[in-house]
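Remarks on the structure that follows.
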Amino acid sequence: MSSAMIHFGLVFLMFAMVQANRRTCFCEIRTGTSSTSPLLADVDDIVYRHWFHYSCRTAASRCPDDCRNAAARFLDGSTNPLDVKAGTTACEHLGRTITPENRVHLYAHYKTSSCGHAGHTYLGEVCCWKLQFRGLNQILYLFNQSCDDEEFPIPIIGKK
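Numbering-wise, the sequence shown is residues 44 to 203 according to the numbering used here.
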């Protein structure tokens, strides 16, 4: 057997080992606890690798927090409760008025590849105002952080 064939065989074996010792944490933001709830966003998946072995136990223990953190990065803010930046990003993606009576609850859904491990983590609730300005072809979606009908996005003169 030639040294080139042995070298190729070793490279192929190492590549196969690296691919076999990889787990993926699939992550999505959904508007309910069911995996069939409406999808707000497909968040970047997290890939775990180790040169020798990456166990399902390790991937399953890391995936929930890693998915929640990826969801917070996608929303550009903090979660549970949602801060103004994360809530505003969520409102922009939802693209509609969401009243306190019909508030939306966001969940980070995760699933670990080849491990049979899945679940969800609560991110927070969302209420949104839709503002459309006459004469301008612009719509803004603002986060109603307290989900309160009495709170207004823009102070009204004379309102006490």
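Glycine included, C-beta positions come from ideal geometry on N, C-alpha and C.
A quick note: this is a predicted structure, and the numbers were derived from the prediction, not measured.
Check: Check for me: the beta strand (DSSP E) holding phenylalanine 69 runs from which residue to which?; Outcome: 65 to 73
Check: Do the CB positions of arginine 116 and tyrosine 97 come within less than 7 Å of each other?; Outcome: no
Check: What span of residues does the beta strand (DSSP E) with threonine 164 cover, start to end?; Outcome: 160 to 169
Check: Please check the pair alanine 133 and leucine 149, which I expect to be a contact at CB under 8 Å, by giving their CB distance rounded to whole angstroms.; Outcome: 6 Å
Check: Since serine 206 and alanine 114 are thought to touch, with beta carbons under 8 Å apart, how far apart are those beta carbons, to the nearest angstrom?; Outcome: Any answer about residue 206 is impossible in this case: the structure gives the chain only from 44 up to 203.
Check: Helix, strand or coil for histidine 93 per DSSP?; Outcome: coil
Check: Start and end of the alpha helix (DSSP H) containing phenylalanine 176?; Outcome: Note, phenylalanine 176: premise wrong, no alpha helix (DSSP H); not H, not E.
Check: Helix, strand or coil: how does DSSP classify aspartate 108 here?; Outcome: helix
Check: Out of Ala151, Ile141, Gly159, point me to the one whose CA is closest to serine 189's CA.; Outcome: Ile141
Check: I'd like the span of the beta strand (DSSP E) that includes threonine 155, first residue to last.; Outcome: 147 to 155
Check: Taking the straight line between their C-alpha atoms, what separation do you get for proline 124 and tyrosine 91?; Outcome: 28 Å
Check: Pick from Tyr184, Leu174, Ile89: whose alpha carbon is nearest that of cysteine 70?; Outcome: Ile89
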